[in-house]
Each structure stands twice: as structure tokens, then as C-alpha cells.
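Student: I'd like to ask you about the structure that follows.
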Amino acid sequence: MKTIYFKTILPRTRVKTRAAAGQPNWLLAELSYRCPLQCGYCSNPVEIAQYQDEIGTDQWKKVLKEGRELGCVQLGFSGGEPLVRQDLEELVLTANGLGYYTNLITSGIGLTEQRIKRLKENGLDSIQISFQSHESDLNDYIAGNDVYLKKIETAKLIKQYEFPLTFNIVLHRKNIDCIKDILDFAFSFEPDFIELANTQYSGGFALENRDYLLPSLEQVKQAKRIVDAYPKGESGIIYVFPDYHQGRPKACMGGWANNFIIVTPDGAVLPCLSARTLPGLNVPSVKDSTLGEVWNNSEMFNIFRGEDWMQEPCRTCPDKIIDFGGCRCQAYLLTGDKFATDPVCSLSPQHNLVTEFVEKERSDEFVFRNFENSKKIMANIKGKPVIQ
Ligand code: SF4
Ligand code: FES
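Sequential numbering of the sequence shown, starting at 53, is according to my numbering.
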């Protein structure tokens, strides 16, 4: 059985990076920012309302074809929630005909039996479903909607239709102490792969809620000990350690414009999920250029390729071939300089921006994306309070 998982945050291993454009492996098609969930750590842009104008089916088909011509072999359908697009099945059929290995990255909401049957017939290869917690109250509170039971139904349906299943959960201060229960819950679905991803604060709503979500170093270490000791059987598990506690950054996206090409719902072409937040860069679009032109020639994709753009201490650091100076979006959002060393690195002259934040007392204020929904969910939560 083929198994694949979608990950943008790689562990610290040596990754080949290129000064010139090579060939991408991954195309991530963010079909829509619309979503029935309202997670407070979503990587989608905070100013989401600006990007409601979605490109159409024919434009997406053209994008898929151009992606294959460029060399992409893995295709992720993502969002928001990709199932809100009624042309998803048609796009899966096109992708299958082009020879992609396809992965649906979903909240699980909207995947009816009729739709999963069509997706199977049309050649979808694998599905990743996300949960917000192992138990309903916290799951629905974080998701901002009453979705827990539906997600369980969907996970069972995915297995029933014999798709390779990746179980994904974002870890944070409010759920990480339940890691053993989370693993028991995840394994009850017999997944092929489990992704335990500590929240990354490189943009979107996660950065807004950083104070609420960031666990302590002791919490993440204890969770790691439990994950390491857990009997895994044949399932693969990845535990993504938070870079705030690591002293070194991760090779975000496996290196800028090295392996990934992302097309957003409105047709922007980006090398990472938050690249639109970087100032002074023209944002290329599939409406004006082919993927090949953007990948090879655009300022957006070329600006951080290779090493010439690096400042000290990265420029002369032996680890630059491992992490490429860290996440460009995080560096910009924390320092105001998109060329700066990522401040999560202990060698960064601005590392205090991270250490001071880690050491300060955590706040319990949560920035809701949909306050009215989350209030209703709160009102329905009975019994012991899981949210403190
Ligand atoms: Fe990576 Fe730069 Fe830190 Fe060296 S100084 S470890 S290259 S971020
Ligand atoms: Fe890391 Fe943009 S999110 S480089």
C-alpha cells in the first residue's frame, strides 16, 4: 500500500537546496479558504476576506497540467476545506489522468458516502483527516463548530473505502498533556500515518494565538517521551517539535522554492503558505503566468534561493545547509526584516525576541475566528471544564 503524508515542516536533516530553480515535487492546490471550521491556529491569512475570489475549474485544470509539466508528482488538495468545492471530484479525475499521486487534506466535514465513492472511482490516492482533540468538547471549542462526531464518521468511511489514512492533530498547550489519550484515539482508526504537529507560529491565526497556544518546554519533552515509548505497530508517527523550544529553526518548506509550489484559492503562486505576508514582493498569479514561468523566473521564487541573500551569522554558519537560515516569514514577522536570521535560532542576534516570549507568563485569551460560534459551543459544554 502506498502511504504518503503532507508535511511542510521537515526535521533537521541535510536537504539539497539549489541556487537556481530545479524541479518541484509537490504542488499544493489550496482550492478554497472557505471552511466549516474556524481553528484558532489556522495557517490561512488573517485577512482572509480579501481573497474570496476563487479561480474556476478550467483554470485549476490548466494549473494541474502545468504542475506536471514542471515535474510535480505529488498533489495535495487543501484549503480551507477543499470539499466545499463541488468540482473536487472532477479535478481529482484530471489529476489522476495526469499521473499525480493525490492526497486530500480535509477536516472531514462534507465527505459524504456519495462523494467518497466518486473520489475513489476518480482515482484519489490518499486522505489526511485532522482532529482538534481526542475528546469532543475541546475539539469543537478549538474548531469553533460542532463537528467531532461527524469527523469520527468520516474517518471510519475513509477506512471503509480503503484509502491510506493519515491522522493529523495540531498540538498546543491545551491538548499536549493528553498525548497518550490522543494516540489511543488516533490508533482506534487504524491509520497508516499519524502526524503530531506542534503549532508553528509563522503566520496566520497561529501567530495571533501564540500566547494561548505555546506549551512549555517540559510539556513538549514529556509528550515526546510518551510518543517515543508508544507501541506503534506498522503505523508511522511523526512528532514535530516546536522550534520555539529547539534553539534551531526548521528547514521551512524544505528550503525556499526548493520542492513546493503552492497555488492559493485566488490563483496566487507562492513558495510557502505565508509568503504573501512578506513585503516588497510582487505576488505572481496563474491568471498572468504559467507555473513554469513563476517557478523559474519570478522574484518571489528566486529571492531566497541559494545562500547569497543570507546575512551573518547564517552566511558563515555550517548549519546553513540544514536549515537555510530558518523560516523567512517567521523571521520577518518577529524582526521586521525578511532577510534576518530566524530568531528561534540561538545564534540569532535577536534570539531574545523568542526567549523573552517563551519565559513570560502565558495568557488565557484566545482570539476566536468566529466568536459567536465558539460562544455557542461553550454554552453546550457540560461537565468538567476542559478549557481553563
Ligand atoms: Fe541556521 Fe542561521 Fe542559525 Fe546557522 S545561524 S543554525 S544557518 S539559522
Ligand atoms: Fe516558513 Fe514562509 S512559512 S518560509
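From the three backbone atoms N, C-alpha and C, an ideal C-beta is built for every residue, glycine too.
Alpha carbon to alpha carbon, what distance is there between M352 and A303?
Tutor: If I take the Cα positions, the gap works out to 18 Å.
Student: Spatial neighbours of I168 within its chain, please: CB distance less than 6 Å, with the 5 preceding and 5 following residues excluded, ordered by chain position.
Tutor: Taken in chain order, the residues that qualify are L209, Y213.
Student: Mind pulling the alpha helix (DSSP H) runs of 4 or more residues that sit fully within the segment 117 to 182?
Tutor: Taking only runs of at least 4 residues, the alpha helix (DSSP H) segments lying wholly in the segment 117 to 182 are 140 to 150, 165 to 173.
Student: Taking the continuous beta strand (DSSP E) assigned at F356, which residues delimit it?
Tutor: Per DSSP, F356 belongs to no beta strand (DSSP E) and is neither H nor E.
Student: Quick check: the segment 376 to 386 against the segment 334 to 353, are there 3 or more CB pairs under 8 Å?
Tutor: Not touching, per the Cβ criterion.
Student: Taking only three categories from DSSP, how would you classify C379?
Tutor: C379 falls in the coil class under three-state DSSP.
Student: Could you round the C-beta distance between L325 and G255 to whole angstroms and report it? I think they count as a contact, below 8 Å.
Tutor: Their Cβ separation, rounded to whole angstroms, is 7 Å, which keeps L325 and G255 in contact under 8 Å.
Student: Taking the DSSP output, what are the residues bridged to V315?
Tutor: In DSSP, V315 forms a bridge with A81, V321.
Student: DSSP three-state label for V109, please.
Tutor: Residue identity differs from the one stated: residue 109 is Thr in this sequence, not Val. Correct three-state label for T109: helix.
Student: Between which two residues does the alpha helix (DSSP H) containing E411 stretch?
Tutor: Start and end: 404 to 411.
Student: By how many angstroms is the C-alpha of A320 removed from the C-alpha of L248?
Tutor: Near 29 Å, if we compare the C-alpha coordinates of A320 and L248.
Student: Report the CB separation of N152 from D318 in whole angstroms; it is logged as a contact under 8 Å.
Tutor: The displayed chain sequence assigns Tyr, not Asn, to residue 152. Rounded, the Cβ-Cβ distance is 22 Å, inconsistent with contact.
Student: Can you tell me whether G332 is buried or exposed? The criterion is at least 16 other CB atoms within 10 Å of its CB, across all chains shown.
Tutor: Exposed, since its Cβ has fewer than 16 Cβ neighbours within 10 Å.
Student: Could you spell out the range, first to last residue, of the alpha helix (DSSP H) harbouring T329?
Tutor: No alpha helix (DSSP H) contains T329, which DSSP labels as neither H nor E.
Student: By a C-beta neighbour count over all protein chains shown, 10 Å radius and 16 as the cutoff for buried, is E408 buried or exposed?
Tutor: Exposed: under 16 other Cβ atoms inside 10 Å.
Student: Between H224, G162, S188, D244, which lies nearest to R414 when the distance is taken from Cα to Cα?
Tutor: When only C-alpha atoms are compared, the closest one is H224.
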